[in-house]
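Below is one structure, written out as structure tokens; comments come after it.
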Amino acid sequence: MADCLLPALLEACVVVGASSDKLQEVSRKAVNSDAAREHLSLEPEVLHVLLPPFVRSCGKRRFHRKKREQCASAAATPSQGGGAAVGRGETEDVSVPEDIDLSALPQLCFPGGLQITSEQTDEQFHFLVFTNVFGKKTHGVVMQCCRPIPDMSSSYENGVVSSKFSKLFCAYSFCVISKYPYFTALKDCLSCLLIQLRTCRLSDMEERVKEFVAKLTVVPIPPPGQLHVMFTLRPLTIMLPSGEDKDHPAIDLDLHLPFLCFRPQELLRTLSFLLQEQRIVLFSDDWARLTLVAECLLLFLQPLSWKHPYVPVLARGMLDFLMAPTAFLMGCHLSHYEEVAVETDDLIMINIDNGSVSTSSSDTVDLPDIPPAAAECFTQRCQSLRVHFDLDQCRHANCSDINEHRAQRRAWQRNLNHDIQRITLELVVNIFRDVSSHLNYEHRVFHSEEFLKTREPAEQHFYKNVLDTHIFHFFLKDRLNRKMDNFARMELSTRSEIQKMKATVDIPRRPTMQEIQVRRKSSTTEVRLSMRLGMSLPNLGDDQTISIIRNNSLTRIITSDAALKASPGPVTVFKLPDFPASLSFHSVQNYYSELIQQLGKAIFSVQKDNSTLLARYYYLRGFINMLCSRRLDALSDFQSLYKTDTAIFPTHLVTWLVDSLHRDETQQAHRRPELRRLILKVKTDNEKPLVQPNDHVKKFKLPRENLDQDEFVRCVQECGIVKDVATIRRLFYALTDGQPEHVDPELFRDFYTFWKTREAEAQDVNQPSEVIDYLDNSECVYKLSSCVKTSHGVGKIAMTQKRLFLLTEGRPGLVEIAKFRDIQEVKIALAPFLLVRVPSLRILTSDRPEAFEANLKTETELWNLVVREMWAGRKLAGQHKDPQYMTQALTNVLLMDAVVSCHPRSITAASKLAYFDKIKHEVPMIVPKTTSETLKHKINPSLDLAEPQAVHVLLYTPGQLTCSKSESETTPKLWVALSGGKVVVFDAASWSMLQDCIQLGESQLNCMMGLVQGQVWVGSQDSVIYIIDTCSMSCNKQLTEHRHEVTGLSADTRDQHNSQQTYSCSCDGTILQWDSSSLKVKRQSHLKCSRLCSIQIHDGYLWCCCGDSIVELKKTGTPHRRLELPDGLRDMPSVFSCFIVIPERGQLWTGCAESSELCLWHIENLRRPYKRIALPSSSGVTCMIRVKDQIWAGCRGWSSVGGQCDGQLRSQVVVVDPERHTVAKELQAHSDSIQTLCSAEDRYVMSGSARRDGKIAIWNVQQEAETEEAGE
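Per this note's numbering, the sequence shown starts with residue 1, numbered consecutively.
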């Protein structure tokens, strides 16, 4: 088991050539015939299989061949030790890698056939990729060498050897096979071997090859990350680059090769064919180019991966593979081009040598190209690539040392590969950017039809083809699993301000005025580029985007994209020791011991600075310790690795290692606490039932049976109309008005059809230019009436999310009716018409003395409901500083419109969806003045979820705490811990969402803390401390020393530049002091209490909230002072919930969960509270923080003030003046208890509430009021 998982460079080395008896036969024929001088073809065979001699065989299958007599040629000499030879006689078993087919390997090593020549040819290299049925790849590098054939007719005459024909040559191949795609490194290794083979005798050749194989066997593969491994194989120094992460293997080839072979337009066409899963054949007269170019093309598609047959080199006898009916990517020699073109149909034939693309049936390819906007951007990016090394080196001095020159070339190639990867990733992002907005994550549905409707007509053919492919299906699975890969990171980092805004509020899909304006000018490629990609560039506001579109400044778009300017991260190179002179078992063990010592020195040198690099060293040392049978040392290294970076933790190998421990080793491991914890975790994880990941992707289908409420909720969510469960339930009651408690499938079909029809019509809307110029860029027209008579003339009433306006008939124009914020009254009045009075809609606004009236005829009642709902939503949005009220009102209005179209009792049913208008009538919407002046904004962290989630913890991190790689990553952030272990991240400057979900286990998260090392620590109920890297927004570190629920985190902030002293506590009273750089426990203490809830550090002393008491601990961990519950609370089921220490005032403030007062204590006298401050309208204190000279306390209480209905549980934030001991402010903004408070640099305070509300309120700390319009 371990041998299979050990990451060694070499898997096997196979020698292929002509058998000895065939060569003898050729030699004899050559004596008798001049024709033998001509080129002869022989059948290549496997001569040797050289396996790693220092690793026991595991996971190999047996290969049987007939033995043949030994040959005088060294290529046919039997192998010893770690090799296996093929001879004649009885059968011999040859262990070979399980993914390698030895029967096909000889053809692949000689794809053009094995030729006998009369002249010696130069050595040649080519590359192979073997793919098994599960898609797992194995890689090979082949070196063909030419040697003279021994003359079988040699005789002695006068003591001198004479040969009649001694000038015949035959090639044989060395194929080195590896699990890892190290094409360049393995080619370098074979080049070093070639130097030895040229100078050695035939009799010594076998030993040289065996030594070569043995050396590569002891070379470890670097783990994913920024650690490269280097070793010396005389005369070259060879580098093994590491992969970016576990999902992306190392890139050890020149990615610019396709750019040298193809023009950008032809390269785009080739990528388009791959995305559409065509039958593709590459041609070249150089076998080596086939695999290298094919590998580059597949890397360009990442994160999409090719799922069909992939054979980059087809031997001459394998051309029938091209008759396969399925999609494939294969490679052939250019000499077969005409033959393939004649014998096959509908093949995409790509000539690498001249950069041409055609089909086997015609010279033109009738397949859609990549969308022009993305293609044009890619073409422009390609012009900035510097793909010629010699041009870049003109200004540099020439290197006199070959290894120095190679190092310069590697550095140049690494930077170029990084640029190419970013450009091709941008291409994929631009093609599939909008896919995520058409996904339903909860039900795993992709709304393909709606996605296609948003594409340009000329692009739809391409997308229809791609959406039906396997490659896109697997891409969808990753998106639905919320995989945070390079695609997701670039898509997030390049969102425009409008896209960020849409991610913050759930806006129904309608084209904005900006999008309509761009679409009108989409007759040119450049404008289409601006429409699709201009919005994807970072830091471009509305006006900037329009300016770019009108000026058609493509160059400005390219140079402004900061996402492509990031340089590759720094790498560290670890130099392996020199290989031992002798490769005996003892020498190899000494080599490993020296390697372990070097890794130990490297670990010691970086443990204070770079935990990511430290993890890679632990990884390597753990594997080497395993090779040396130092199982406990290996286990210790893997334990350190687990704490440092879980992303590269080898779970399966550690499981095997634990199971393989001897009894005495197990006893020793249990005496070491850190190993005991690791063993316990491994065994616990193995006992858990294996949960299969949910990888299915569904397409929505209309129901065929009656829908009860739960089925109706599921159906509406799946079809992408609404996500919010409460809104869907109101829709259910509206559709079932007066009917049994179910929705008929025909009624649902009518409702669904109307909704989707309205969405489709909105995409094709053709607004007059006056409307586009008048409205804001972000406005959308959501509803349009029929032509009616109004007090402003005849026309159509249009509604956006901000206003009503009239599109006049006759002389086209626009007249504003009212902004929703200015409406004072809406009612149905009776207007005179001829001899009767007909109902009309009457709207009174604050900016006009006269009322607006419209004779909407049969539409009057619906428009009355619509306008009143939008008015109520706008009023709530303004009062609560929460734009989601406006978007929810919009959703309600659109649902009303759809219900009216399909329900027999239309108005009665639609009125059930007028939710905010109902609230306005039932409970006065009065927000206290203090609350309105102090409240700045509200955000919803559960926007992408079906139901609100409780906000358990909030943490603000300033820009300097985050990654400093680029300016965009140094913005302040708000970290939000939701139910179920979810963490959502907001940009604390714009309050837009940066990360929609970082999953940290499945349990509730209790506490968070930011450190200057670019880390966020999160304590969980599952006893784990999760550490989030603020650069990658991922959690790769876990601290598992606590045995119970982690309840508190604190750091010594006396030195702002050194947060080394970090503390954590768990509910059982355990307190751990950490070195936050090395992640090691420096001290452990235990406090006897019923439940330890939180800790704080002040002046080097720990203060602990223990529920029934608050304890001050000395530096040694022993209790110094204890504060008991005040009189009057001891007999009640109440506990301390929070506390604040103000050392300079000598004050200690405490709050209790079941008490409506704050207690003020003198630190020097903790016997009884000095003062009690009553908190009106509250039933308990849940959290408390200090902000400037104020104390902010989160409370819960029963109140109807500003609420939604009487008797509903409400909460408030109370601001207390610690000097006057009075309540300065009472702030009300949540309809459920406040769970957490945090401060943003003493400028803002954020409060998060429980599940019924689930929102975050942002408060101004300044005394002066800041009034802002919400919902605009």
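Cβ coordinates follow ideal geometry from the N, Cα and C atoms, glycine included.
In the three-state DSSP reduction, I251 falls in the coil class, being neither helix nor strand. Judged by beta-carbon spacing, F183 lies within the 9 Å limit of T291, meaning their Cβ atoms are closer than that value. The C-alpha of E295 is placed about 34 Å away from the C-alpha of A602. By the neighbour-count criterion, in which a residue is buried when 16 or more other Cβ atoms sit within 10 angstroms of its Cβ, R616 is buried. With a threshold of 16 other beta carbon atoms within 10 Å, H126 meets it and is buried. In its chain, beyond the 5 residues on either side, I828, A829, L830, A831, E853, A854, N855, L856 and T860 have a beta carbon closer than 8 Å to the beta carbon of S840. Runs of the alpha helix (DSSP H) lying entirely within the region 805-885 and spanning at least 4 residues, in chain order: 860-880. Within the same chain, and ignoring the five residues on either side of P568 in sequence, the residues whose Cβ sits closer than 7 Å to its Cβ are R414, N415 and H418. Of all C-beta pairs linking the region 247-254 to the region 624-637, fewer than three are shorter than 8 Å, placing the two stretches out of contact. Runs of the alpha helix (DSSP H) lying entirely within the region 163-244 and spanning at least 4 residues, in chain order: 183-199 and 205-217. Contact check for S1094 against T1047 passes: the beta carbons are separated by less than 9 Å.
In the three-state reduction of the DSSP assignment, Q589 falls in the helix class. E1124: member of the beta strand (DSSP E) spanning P1119 to E1124, first to last residue.
Residue range R631 to T644 is occupied by the alpha helix (DSSP H) that includes Q639. Contact check for L23 against P150 passes: the beta carbons are separated by less than 9 Å. Taking a C-beta distance under 9 Å as the contact criterion, F754 and L735 do not qualify as a contact pair.
Contact check for F474 against L304 passes: the beta carbons are separated by less than 9 Å. Taking a C-beta distance under 9 Å as the contact criterion, G1010 and Y1063 do not qualify as a contact pair. Annotation: the continuous beta strand (DSSP E) that includes Q999 extends over M993 to Q999. In the three-state reduction of the DSSP assignment, S786 falls in the strand class. When T934, H921, E674 and V357 are compared, the shortest CA-CA separation from S636 is found for E674. The C-alpha of C715 is placed about 14 Å away from the C-alpha of E746. The DSSP assignment places complete beta strand (DSSP E) segments of no fewer than 3 residues inside the region 884-968 at 935-939 and 951-957, in order along the chain.
Considering only K875, C261 and T1182, the residue with the shortest C-alpha distance to E825 is K875.
Rounded to the nearest whole angstrom, the C-alpha separation of D1075 and C1065 is 15 Å. Setting aside the 5 residues that flank it on each side, L661 is surrounded in the same chain by R631 and A669, each with a C-beta closer than 7 Å to its C-beta; the list follows chain order. For M1008, the uninterrupted beta strand (DSSP E) segment begins and ends at L1005 to L1011.
Of the other Cβ atoms in all chains shown, 16 or more fall within 10 Å of the Cβ of S1233; this residue is therefore buried. Taken through DSSP and simplified to helix, strand or coil, H405 comes out as helix.
Counted as a single uninterrupted DSSP element, the beta strand (DSSP E) harbouring T572 occupies residues T572 to K575. Across the set R386, S611 and V867, the C-alpha of V867 shows the shortest separation from the C-alpha of D917. In this structure, L1148 and V1223 do not form a Cβ contact; the two beta carbons are roughly 19 Å apart against a cut-off of 8 Å. In this structure, the beta-carbon distance from D882 to K1255 falls below 9 Å. The residue from D987, Q999 and A458 with its alpha-carbon nearest to that of Y1026 is Q999. Excluding residues up to 5 positions away in sequence, R621 lie with their Cβ nearer than 8 Å to the Cβ of G600 in the same chain. For M490, there is no enclosing beta strand (DSSP E); the residue is part of the alpha helix (DSSP H) that begins and ends at N486 to S493.
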